[in-house]
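Asker:
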Amino acid sequence: MATPPAAESTSATDAEVNRLYTAGVEAAKEERWEDARSLFFQAWSIRKHYQIAANLGRAELMLKRHRDAAEHLTYFVNNAPRGLSKDDVKKARELAQEATAKVGEIRISVDVGGADILVNGKLVGRSPLAEPIFVDAGDVVFEAQHGSHSPARTTLAVAPGTSHNIELKLAREPRSSGKANGILITAGLLATGALVGVGTVTAIWAVDKKREAEEVPVRFNMDLTGCQYTPDCLIKYNEERNHYSRVASASVWSFVGAGAVGAGTAVLHFMGSSPVQTSGFLGPGGGMLMFTGKF
């Protein structure tokens, strides 16, 4: 089939997608399925387009990558616009059915939004998942993770061609014990005090270094203007000013650090909660199904 998509723009991205897609079409015509899949997958990684999905899925089906083929052929079936050839759509549906008959179709729901959803340890998305996912047949581990909850995990034996609904319920993590909080608060207070002490000492030192810099021209029996034109005086003056700047900067950052640690300690004291958790996140013989065109 040959239904070229309308070119949306002539940007460099469009040109790259079109290059990869066209090369993939040629590889598929020559039945070089590994090359075709690689090229279509690169194009798909740049742009999610139903025509790319159809040809990528077909290449994956030829390589017996049934899970990936089911994903991409189903994407085509669900997203292909009206107006395509009925024969093309019929063929795509047949290929999608062939792929899904080899894998399991899973709908996953989690009772907490924004949770990471993992299948056999691999991140597949975040809740809520709008579409089902496909998994290879066999024992499959499903897991949901969220920073403020304990993980939820279940294992399911998935047979080819079956569909399942899975619910994962997350439990809130218990608050940290008062003893643990007490240790953290004490450590925070000690750290705050130490940083304030360092900041105070370096502030006094900075004042002294500034005075020494200002006295350099006097030691050379001239004012600051004259010092600017006397190499020995200027070098010494700049050394003292640089030393002053470093000490002053250390003083400022010590006070900043003290403020940050102090604020965190105060929050921990008044909220009584466990430490905040932080976290630092983008897949695939019958008759000839082939789209051509530019993107």
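Residue numbers for the sequence shown follow the working numbering, beginning at 1228 and rising by one. Glycine residues also receive a C-beta, built at the ideal position from the N, C-alpha and C atoms.
1) Just the C-alpha distance for Ala1242 and Ile1273, rounded to the nearest angstrom, thanks.
2) Buried or exposed: where does Gly1415 fall if 16 or more other Cβ atoms within 10 Å of its Cβ makes it buried?
3) Should the region 1252 to 1272 be called in touch with the region 1284 to 1296, which here means at least 3 C-beta pairs below 8 Å?
4) Please classify Ala1379: does DSSP put it in a helix, a strand, or coil?
5) Restricting to Cα atoms, I'd like to know which of Ala1357, Ala1490, Lys1349, Thr1249 is closest to Ile1412.
6) Less than 8 Å between the CB atoms is what I'm expecting for Ala1440 and Tyr1456, so what's the real figure, rounded?
7) By the 10 Å Cβ neighbour count, where 16 or more other Cβ atoms means buried, how is Asp1295 classified, buried or exposed?
8) For Lys1313, count neighbouring Cβ atoms within 10 angstroms of its own Cβ and tell me buried if that reaches 16, exposed if not.
9) Taking its Cβ as the centre, do 16 or more other Cβ atoms sit within 10 Å of Glu1298, making it buried, or is it exposed?
10) Sorted by chain position, which residues of the same chain lie with C-beta nearer than 6 Å to Asn1392's C-beta, five sequence neighbours on each side aside?
11) Could you spell out the range, first to last residue, of the beta strand (DSSP E) harbouring Asn1392?
12) Quick one: using the 10 Å Cβ neighbour count with 16 as the cut-off for buried, is Thr1301 buried or exposed?
13) Sort Leu1311, Leu1417, Leu1397 by Cα distance to Ala1493 and report the nearest one.
14) Taking Glu1358 as part of the beta strand (DSSP E), name the residues at either end of that continuous run.
15) Please report how far the alpha carbon of Ala1250 lies from the alpha carbon of Asp1262, in whole angstroms.
16) Would Gln1324 and Asp1343 qualify as a contact pair, given that the criterion is a beta-carbon distance under 7 Å?
17) Distance check for Gly1331 and Phe1369, CA to CA, integer angstroms please.
18) Taking the CB atoms as reference points, tell me whether Ile1360 and Val1367 lie closer together than 7 Å.
19) Between which two residues does the beta strand (DSSP E) harbouring Ala1371 extend?
20) Please go through the same chain and pick out, in chain order, the residues whose beta-carbon is closer than 6 Å to the beta-carbon of Val1488, but skip the five residues on each side of it.
21) Could you name the residues of the same chain whose beta carbon sits closer than 7 Å to that of Val1304, not counting the 5 residues immediately before and after it, in chain order?
22) Going by DSSP in three states, Asp1262 sits in which element: helix, strand or coil?
23) Based on DSSP bridge pairs, tell me the residues matched to Val1423.
Answerer: Put simply:
1) 11 Å
2) buried
3) yes
4) strand
5) Ala1490
6) That pair is no contact at about 17 Å.
7) buried
8) exposed
9) buried
10) Arg1334
11) 1390 to 1395
12) buried
13) Leu1417
14) Where Glu1358 is concerned, there is no enclosing beta strand (DSSP E), given that its DSSP letter is neither H nor E.
15) 9 Å
16) no
17) 13 Å
18) no
19) 1365 to 1372
20) Gly1415, Ala1418, Thr1419
21) Ala1319, Arg1320, Ala1323
22) helix
23) Answer is none; Val1423 lacks a bridge partner.
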